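Protein chains in written order, with UniProt numbering: chain A, 1 to 329; chain B, 1 to 451. Comments concern the structure below.
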Amino acid sequence: MANLVTDDDRRTRLPRLSPARGTKPGWWQNPKVMPFLLVAPAVFFELLVHIVPMVAGVVMAFYHLTVYTIRNWSNAPFAGLANFRVSVDISGPVGRGLLDSFLVTVPYTLLVLAFSWVIATAAAVFLSVEFKGRSLLRSLFLLPYALPAFVGIMTWTFMFQKDSGAINHLLVDDLHVLHSGPFWLIGSHAFWAMVVTSVWKTWPFAFIMLLAAVQGVPDELYEAAVMDGAGMVRQFWSITLPQIRQTNLIVVLIVGIGTFNDFNTPFVMFGSAPPKSAEPISMYIYSNAFGQWNFGLGSAMSVLLLVFLAIISFVYLRSTRTGTEAVDA
Amino acid sequence: MISDKISSRGLRRRSLAGVTAVAAAAVVALSACSGGGSGDSGPVSGQTLTYWATLQGTGADQTQKTLTAEFKKFTQQTGVKVKLEVIPWTTLQTRILNAVTSNNGADVMEIGNTWAPSLAASGGFLEFTPKVLDQIGGQSKFVQTSFAENGLPNKTPMSVPVYATSYSLAYNKADFAAAGIAKPPATWDELITDGRKLTTAGRYGIALDGSNATDASHWAFILGEQSGSPLYNSSGKPDFANQKLADALTTYVGLFGRNGIANPANAQNGAQPLSDFAKNKAAMTIGQGVATSLTQLGMDASQFGIAQVPVFSPLPAGGKPIQSHVAGINLVVRQSTEHQKAALELVKFMTSQPEQVAINHIYGTLPVITSAYDDPQFQDDTTKVYREILENHSAPMPLYPSESQMETLLGGAVTSLIAKTASTGTAPSTSAIVSALTDAQKQLIASTGGQ
């Protein structure tokens, strides 16, 4: 190849890349400034996309922002803590509803989290060993994650239909477990239908994260354990689990918060008027804000939810960090 | 479908983020505030309008095709171009509210007409004063029942009707003949008696969507009118937590019970009453604009009859023979549009005789102007029944700002009563119904301030 840098280039381009010797470097080249300049665009968009709406949401919580005031929203009357008072007043209908939905959300989150984690961990451990057809199974397990949530949830809704659904067909006609098919989409059973659907769509995410972690565990540890006579179960408890602990902590936090805020599952399964047993807090907030056009009240509830989740996350991270992390932090 | 089924089928990602979305729109709007253009008097030719259409006929494709063809005529006549967007029911209400908040969005929008009072309360839409109405051909051209649902009571209208429909009863002619029933039921007692006769293995008397809160609120309204217990009192306060309405609702809710005539499975989300009827899994169904949907589902128009919705007999004290709310779609013009004159031209065009005939015929809806009914396409028996119900047995849903919130809360209460009936086999006691209605009413008052 010929000389790639021509004389022209030397004259016009090089001086811009590195200032001529002897001239003072620009202030932007200061190592204390440059990194901030480089991340500035990202910070700007982060603020625009996440922080500004969040702050706006918090501000809205202090105003009577309803259908009457939304058009001239800058003049909406200040509400002080009124929206919060209504939200936490459990003797009133709105606060009572919020508490009820909270009491649905907590067991929902714990159950989905527990089942998803157990299935995901089992699958990750199982698939970390080489065998024929492993990649096929891996793709298959990821399918619920790749599928648009709407499609998967809709399919489950069809399967849970009383007369025509696959679940009742299986339970009544094939396995004869039940005498007659119960309702799954109304009444108290709706809660379990929602949990099953949610576990189905949630565990593949935990699976991918944990699979990566499990595969990262050095083989020597297992080899040494085998030499010491440790069985499969002991290997799992004493090697795999401690080794993937960091990933586990993150998975539990992400899946937990995601499930706590889950809106897709109940909304697609039950529409805008879900059974009481399957109305988690996100649906309740939605119906207050968008069903009843009371955005101030909806925001106040969202802020309460945010505060609750922030406290939980803080306590969780605090209580689970290890010695080295504590030093790092 | 024309009914305002905002609740049904659709995915919206709204939780924390959703609540803040409006705020985000509001923030963005700071810079986008337009001055509002009431006084544009120049020629409209060359302007471009944005039009938001609701899903009609067989769906988005048909809506898009129909309106594109019609708007071409409008452009030829006026020189105004129209940018069309068909908006799914699930997002329409939010889109409209965002348009109101940001003074941005379509110039002309279709809305579910029952939203008119709530949207009117926001004040974001052009008022149809007598002078404005003259610009679109005057109030007198409209079917007056359809025109009645136009905003807040005793206030200047903020919307005008464009397509109309009503509830009606469809019955399977062969099933009725086989059961020896000569004519469709005219009262609720007859409906239940006939329904029992028609219920056989694999076929129920009637198919209804018991899971849809919007539909349920319509039923509460219709039965309330029939039993002399309107949902709002004369001073505009919600007033539906009473024995009279509970009694009336027992009739409807009981249809889904063990001794009822509807399939209890219809109480689940995903119920498809029209498809059940078309497959002859039910001998009757009651819904909005059912005839067109049934032919689209593959039934021949000769296989089913369309009749009026049953009423109580005798009517309880104060009851009226109301069979439907004034159902339909209205047009609104955004207050801050810069093309008000062109927008009103478009409203005039959409409510003109040729367009009313052409579009409503394709959609299977009813014209909202009286002169369109002279057209031979609207002379069949089905249209006559619809028209009779619409003109003489319909009343607008309550014209109060909290109407749409009422639909959600009262409708939700009724669907859970239906769910209870379906799963336990018996309708809840009247006192249990009153208590469910009381909860819904308390919540409505708490979250709307009782306005």
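All C-beta atoms, glycine included, are put in the ideal place defined by N, C-alpha and C. In this text the structure is predicted, and so the values were computed from the model without any measurement.
Alpha carbon of residue i to alpha carbon of residue j, nearest angstrom
{"i": "residue 153 (chain A)", "j": "residue 268 (chain A)", "result": "7 Å"}
{"i": "residue 309 (chain B)", "j": "residue 198 (chain A)", "result": "41 Å"}
{"i": "residue 243 (chain A)", "j": "residue 214 (chain B)", "result": "53 Å"}
{"i": "residue 231 (chain A)", "j": "residue 408 (chain B)", "result": "58 Å"}
{"i": "residue 212 (chain B)", "j": "residue 83 (chain B)", "result": "32 Å"}
{"i": "residue 280 (chain A)", "j": "residue 77 (chain B)", "result": "53 Å"}
{"i": "residue 524 (chain B)", "j": "residue 275 (chain A)", "result": "Given that chain B is displayed from residue 1 to residue 451, the structure contains no residue 524 (chain B) and the question cannot be resolved."}
{"i": "residue 180 (chain A)", "j": "residue 208 (chain B)", "result": "22 Å"}
{"i": "residue 221 (chain B)", "j": "residue 397 (chain B)", "result": "7 Å"}
{"i": "residue 148 (chain B)", "j": "residue 55 (chain A)", "result": "42 Å"}
{"i": "residue 246 (chain B)", "j": "residue 230 (chain B)", "result": "12 Å"}
{"i": "residue 254 (chain A)", "j": "residue 201 (chain A)", "result": "14 Å"}
{"i": "residue 55 (chain B)", "j": "residue 105 (chain A)", "result": "34 Å"}
{"i": "residue 25 (chain A)", "j": "residue 149 (chain A)", "result": "53 Å"}
{"i": "residue 331 (chain B)", "j": "residue 207 (chain A)", "result": "50 Å"}
{"i": "residue 264 (chain B)", "j": "residue 204 (chain B)", "result": "10 Å"}
{"i": "residue 103 (chain A)", "j": "residue 406 (chain B)", "result": "25 Å"}
{"i": "residue 132 (chain A)", "j": "residue 228 (chain A)", "result": "29 Å"}
Residue i - partner residues in DSSP beta bridges
{"i": "residue 169 (chain B)", "result": "B:286, B:307"}
{"i": "residue 325 (chain B)", "result": "B:395"}
{"i": "residue 52 (chain B)", "result": "B:85, B:109"}
{"i": "residue 238 (chain B)", "result": "B:232"}
{"i": "residue 125 (chain B)", "result": "B:334"}
{"i": "residue 250 (chain A)", "result": "For residue 250 (chain A), which the question treats as bridged, DSSP gives no partner whatsoever."}
{"i": "residue 160 (chain B)", "result": "B:331"}
{"i": "residue 203 (chain B)", "result": "B:200"}
{"i": "residue 366 (chain B)", "result": "B:164"}
{"i": "residue 262 (chain B)", "result": "B:206"}
{"i": "residue 264 (chain A)", "result": "Residue 264 (chain A) pairs with nothing; no bridge assigned."}
{"i": "residue 286 (chain A)", "result": "Paired residues: none, contrary to the question."}
{"i": "residue 68 (chain B)", "result": "Its beta-bridge partners do not exist; DSSP assigns none."}
{"i": "residue 187 (chain B)", "result": "B:311"}
{"i": "residue 63 (chain A)", "result": "A:78"}
Contact set for residue i: own chain, Cβ-Cβ below 7 Å, skip 5 residues either direction
{"i": "residue 145 (chain B)", "result": "326, 390, 391, 394"}
{"i": "residue 37 (chain A)", "result": "28"}
{"i": "residue 425 (chain B)", "result": "257, 258"}
{"i": "residue 125 (chain A)", "result": "214, 236, 240"}
{"i": "residue 133 (chain B)", "result": "139"}
Residues near residue i in its chain [Cβ-Cβ closer than 6 Å; skip 5 each side]
{"i": "residue 333 (chain B)", "result": "108, 126, 343"}
{"i": "residue 84 (chain A)", "result": "300"}
{"i": "residue 157 (chain B)", "result": "128, 150, 151"}
{"i": "residue 205 (chain A)", "result": "145"}
{"i": "residue 219 (chain B)", "result": "252"}
{"i": "residue 320 (chain B)", "result": "225"}
Same chain, Cβ closer than 8 Å to residue i, five either side skipped, listed in chain order
{"i": "residue 34 (chain A)", "result": "28"}
{"i": "residue 87 (chain A)", "result": "94, 95, 98, 297, 300, 301, 304"}
{"i": "residue 82 (chain A)", "result": "64"}
{"i": "residue 41 (chain A)", "result": "none"}
{"i": "residue 68 (chain B)", "result": "84"}
Heavy atom of the ligand ADP within 7 Å of residue i beta-carbon
{"i": "residue 179 (chain A)", "result": "The ligand ADP is absent from the structure shown, which contains no ligand whatsoever."}
Three Cβ pairs or more, each shorter than 8 Å: is that satisfied between the segment 375-393 of chain B and the segment 99-111 of chain B? Not touching, per the Cβ criterion.
Okay, do the segment 129-141 of chain B and the segment 311-318 of chain B touch, 3+ Cβ pairs below 8 Å being the bar? Under the 8 Å Cβ criterion, the segment 129-141 of chain B does not count as touching the segment 311-318 of chain B, having fewer than three qualifying pairs.
Examine the Cβ distances between the segment 286-298 of chain A and the segment 235-249 of chain A and report whether three or more of them are shorter than 8 Å. Output reads no: the segment 235-249 of chain A does not touch the segment 286-298 of chain A.
To be precise: take each residue of the segment 72-93 of chain A, compare its Cβ to all Cβ atoms of chain B, and keep it if any distance is under 7 Å. Which residues remain? Along the segment 72-93 of chain A, the positions whose C-beta sits under 7 Å from a C-beta of chain B are 73, 86, 92, 93, read in chain order.
With three or more beta-carbon pairs closer than 8 Å as the criterion, would you say the segment 435-444 of chain B touches the segment 236-254 of chain B? Yes: at least three Cβ pairs fall under 8 Å.
In the segment 187-202 of chain A, which residues sit with their C-beta less than 8 Å from some C-beta in chain B, listed in chain order? Here the close residues are 187.
Contact the segment 191-200 of chain B vs the segment 247-262 of chain B: 3+ CB pairs below 8 Å: Output reads yes: the segment 247-262 of chain B touches the segment 191-200 of chain B.
Is there contact between the segment 281-289 of chain A and the segment 32-51 of chain A, where contact requires at least three CB pairs shorter than 8 Å? The way I'd put it, the segment 281-289 of chain A doesn't touch the segment 32-51 of chain A; fewer than three beta-carbon pairs between them come closer than 8 Å.
For the segment 414-435 of chain B, which residues have a CB atom closer than 8 Å to at least one CB atom of chain A, in sequence order? If the cut-off is 8 Å between Cβ atoms, the segment 414-435 of chain B has 415, 416, 419, 420, 422, 423 near chain A.
Segment contact flag, the segment 123-139 of chain A with the segment 158-170 of chain A, C-beta cutoff 8 Å, min 3 pairs: No, the segment 123-139 of chain A does not touch the segment 158-170 of chain A.
Could you list the residues in the segment 52-68 of chain B with a C-beta less than 9 Å from some C-beta on chain A, going in chain order? For the segment 52-68 of chain B, the set of residues with a beta-carbon nearer than 9 Å to any beta-carbon of chain A is empty.
Listed in chain order, which residues of the segment 252-270 of chain B have Cβ atoms closer than 9 Å to some Cβ of chain A? Of all residues in the segment 252-270 of chain B, the ones placed with a Cβ closer than 9 Å to any Cβ belonging to chain A are 263, 264, 265, 267, 268, 269, 270, in chain order.
Taking 8 Å as the threshold, find out whether the segment 58-72 of chain A comes into contact with the segment 215-222 of chain A through three or more Cβ pairs. These segments do not touch.
Between the segment 346-366 of chain B and the segment 421-435 of chain B, can you find at least three pairs of beta-carbon atoms closer than 8 Å? When C-beta atoms of the segment 421-435 of chain B are compared with those of the segment 346-366 of chain B, fewer than three pairs fall below 8 Å, so the two segments do not count as touching.
Three-pair Cβ contact test at 8 Å for the segment 100-117 of chain A versus the segment 249-263 of chain A: Three or more beta-carbon pairs drawn from the segment 100-117 of chain A and the segment 249-263 of chain A are found closer than 8 Å, and the two stretches are therefore classed as touching.
Pair every Cβ in the segment 416-424 of chain B with every Cβ in the segment 183-192 of chain A, then say whether three or more of these pairs are closer than 8 Å. Contact holds between the segment 416-424 of chain B and the segment 183-192 of chain A, because three or more Cβ pairs, one in each stretch, are under 8 Å apart.
Closer than 7 Å, Cβ to Cβ, to anything on chain A: give me those residues from the segment 98-119 of chain B, in chain order. Cβ contacts with chain A: 100, 101, 118.
So if I threshold CB-CB distances at 9 Å, which residues from the segment 137-155 of chain A count as touching chain B? So the close ones are 148, 149, 150, 153, 154.
At a CB distance below 9 Å, what residues from the segment 280-294 of chain A approach chain B? Give them in sequence order. Residues of the segment 280-294 of chain A that bring their beta carbon within less than 9 Å of a beta carbon in chain B comprise 281, 282, 283, 285, 286, 287, 288, 289, 290, 291, 292, 293, 294, in sequence order.
Near-chain B residues of the segment 249-281 of chain A (beta-carbon distance less than 9 Å), N- to C-terminal order: Listed by position along the chain: 261, 262, 263, 264, 267, 268, 269, 270, 271, 272, 273, 274, 275, 276, 281.
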